[in-house]
Amino acid sequence: MSTPDYEIRRAAATDFDGIVALLDLCGLPASDLTAQSLDGFHVAVRDAGIIGVAGLEQAGDAALLRSVAVHPRLRASGLGSRLIDASMALAQTRSLRALYLIPNDDAAHAFFARRGFKHIERSRIPEAIRGLPEFTHLCPQTHPCLWKAVSASNS
178 MSTPDYEIRR AAATDFDGIV ALLDLCGLPA SDLTAQSLDG FHVAVRDAGI
228 IGVAGLEQAG DAALLRSVAV HPRLRASGLG SRLIDASMAL AQTRSLRALY
278 LIPNDDAAHA FFARRGFKHI ERSRIPEAIR GLPEFTHLCP QTHPCLWKAV
328 SASNS
């Protein structure tokens, strides 16, 4: 396997415009993001451009895994899995207990299911997570929800 020609690193405020552009390209919500809200985000960068992103929005001892996007030309390259691995590692360092997400379509649902995320009823998701904008108004209430426990064995 060849070495990837990109770098995955923690996002910085200066990445904001590139993150929003990628999320827009991928049809994911970004209206609630600010340059200051990127603390839990990772980006994949190639030639100074953002080609992938994944973010944790922490609420108590859990987080919403959000804004997971890979440039359409790079899908199925393993980049999405590497971004999820970076998010899981960050969740472990923050001693989070679980990650929750709302996949935006069937392909995203299948991708996360392959990564060990399981279906969960919205009513079983912690109230702090359900109060985040993705749950209250950014994502359709009809979309399924997934979750995964965070533990040392998730690395």
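If you're matching positions, the sequence shown starts at 178 in the numbering used here and goes up one per residue. Here a beta-carbon is modelled for each residue, glycine too, at the ideal position from N, C-alpha and C. Quantities reported herein were computed from a predicted structural model and do not represent experimental measurements.
query, result
"CB contact flag (I358, C322, <7 angstroms)", "Residue numbering for the chain in the displayed model covers 178 to 332; residue 358 lies beyond these limits and cannot be assessed."
"Separation of A225 from R301, as counted between CA atoms", "41 angstroms"
"DSSP state of G232 mapped onto helix, strand, coil", "strand"
"Per-residue DSSP class, three states only, for S244", "strand"
"Reduced DSSP secondary structure (H/G/I, E/B, other) of A253", "coil"
"For L276, the nearest candidate out of D238, R250, S208 and H219 (CA to CA)", "D238"
"CB-CB length for L215 against D192, believed under 8 angstroms", "7 angstroms"
"Whole-angstrom distance between D194 and A268, CA atom to CA atom", "25 angstroms"
"Nearest-angstrom beta carbon gap, H219 and A263 [assumed within contact, 8 angstroms]", "4 angstroms"
"L200 - containing alpha helix (DSSP H), residue span", "F193 to L202"
"Runs of beta strand (DSSP E) wholly within the segment 250-322 (minimum 3 residues, chain order)", "275-278 and 295-297"
"Endpoints, beta strand (DSSP E) assigned at V327", "V327 -> no beta strand (DSSP E), and no H or E assigned at all."
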